[in-house]
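Novice: I'd like to ask some things about the structure below.
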């Protein structure tokens, strides 16, 4: 295999656009728990989360090999560009590396890391196909990444209300997106789930504002700005999945003859925009993370972390044009 082809294959396996959304989970948890904490510990927590996330993706593809042979034959494993053995082995190595990094951050981080490993294995080899349980377990992986950042904030961390609310909001948001992504090849089955992610964000932000310590005026502006942007992007995704397919189907019905519109329906139109919309929803996590980072306190770490996460959004979208997200 040529070097460029080899690199491209592994970037596909690691869902290159999604990797950019991973460090923000532990960074948000860290800053909410200790806004003035040692950012080196936050960096180690982010590295551990990247290891766990990468392992989860690889094990997911290994577990889905038979299904992908039929539904996604062009992907690296079914196409033969990577082997199940190499993918599974690297996944195991990344899990071990993540566990070692967590152990260096203290006993609480180690416990959260073990819980995260359990959630990854449970999802990939247990509940993935089970309605509700599968998406919630996937969401738990992201929520636990937030808690990992908080656990890394000190050797005796406290999971403050704002940390728990942020973790639960991200958990529920990713669960809603995962529920949509489960039906990527059958979008007609997603009707009632197509706008759930918006409700999750609105509810999470309102609970956060109600229960978290009062925000100063500048932190308030940062939180509201990033939070509202995430809601607007969520509404854009809902429009793509609900309104746009219905409008296009109606236009086709009015302008095309019966023979011309054979095979064209609201469901098939939704299927055409589905992969890109899932990618948009995953990238939107950067604004959710930025909102929580900026709410922590208005100092240089929170400012730079929030700004960096927002700056990653256009990069994510550009990379997403080359590599798939789900």
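Numbering (the working numbering), first residue to last: 6 to 331. Glycine included, every Cβ here is placed at the ideal spot set by N, Cα and C.
For the structure I just gave you, are there three or more beta carbon pairs, one from the stretch 107-126 and one from the stretch 168-185, closer than 8 Å?
Specialist: No, they do not touch.
Novice: Going by DSSP in three states, residue 55 sits in which element: helix, strand or coil?
Specialist: Here residue 55 sits in helix by DSSP.
Novice: Spatial neighbours of residue 228 within its chain, please: CB distance less than 7 Å, with the 5 preceding and 5 following residues excluded, ordered by chain position.
Specialist: The residues are 220, 296, 299 and 300.
Novice: Leaving out five residues on either side along the sequence, give the residues of the same chain with a beta carbon under 7 Å from the beta carbon of residue 179.
Specialist: Around residue 179: 143, 144 and 147.
Novice: From the DSSP output, in three-state form, read off residue 235 for me.
Specialist: Residue 235 falls in the helix class under three-state DSSP.
Novice: Over what stretch of residues does the alpha helix (DSSP H) that includes residue 93 continue unbroken?
Specialist: It spans 89-109 - the alpha helix (DSSP H) in which residue 93 sits, taken as one unbroken run.
Novice: Against chain C, does residue 302 count as a neighbour if the rule is that its beta carbon must be under 8 Å from one of theirs?
Specialist: Structure shown: chain C not included; a single protein chain is present.
Novice: Measure how close the beta-carbons of residue 99 and residue 89 come, nearest whole angstrom, since I'm counting them as under 8 Å.
Specialist: Between residue 89 and residue 99 the Cβ distance is about 16 Å, and since that is not below 8 Å, they are no contact.
Novice: Ignoring anything shorter than 4 residues, give me the alpha helix (DSSP H) runs that lie fully in the stretch 143-192, in order along the chain.
Specialist: Counting whole runs of 4 or more residues, the stretch 143-192 contains the alpha helix (DSSP H) stretches 166-186.
Novice: Here's the rule: buried if 16 or more other CB atoms are within 10 angstroms of the residue's CB, otherwise exposed. What is residue 49?
Specialist: Buried, since its Cβ has 16 or more Cβ neighbours within 10 Å.
Novice: Does the distance from the C-beta atom of residue 203 to that of residue 243 stay below 8 Å?
Specialist: Yes, Cβ-Cβ distance for residue 203 and residue 243 is below 8 Å.
Novice: Give a yes or no on whether the C-beta atoms belonging to residue 92 and residue 24 are separated by under 8 Å.
Specialist: Not in contact: residue 92 and residue 24 (Cβ atoms no closer than 8 Å).
Novice: What does the alpha-carbon distance come out to for the pair residue 274 and residue 156?
Specialist: Interpretation of residue 274 is limited by its pLDDT of 46, a score under 50 that renders its predicted location unreliable; the figure taken from the coordinates is listed afterwards. Their Cα atoms are separated by approximately 45 Å.
Novice: Using 8 Å for Cβ pairs, my map puts residue 150 next to residue 235. What's the rounded Cβ distance?
Specialist: No, residue 150 and residue 235 are not in contact; Cβ-Cβ is about 17 Å, not under 8 Å.
Novice: Counting only runs of 4+ residues fully inside the stretch 30-85, write out the alpha helix (DSSP H) ranges in chain order.
Specialist: Here the runs fully enclosed are 44-68 and 70-76.
Novice: If you drop the 5 nearest sequence neighbours on each side, which residues of the same chain put their C-beta closer than 7 Å to that of residue 52?
Specialist: If we look at residue 52 and ignore the five residues flanking it on each side, its Cβ neighbours are 106.
Novice: CA-CA distance, residue 141 and residue 135?
Specialist: The alpha-carbon atoms of residue 141 and residue 135 are separated by roughly 10 Å.
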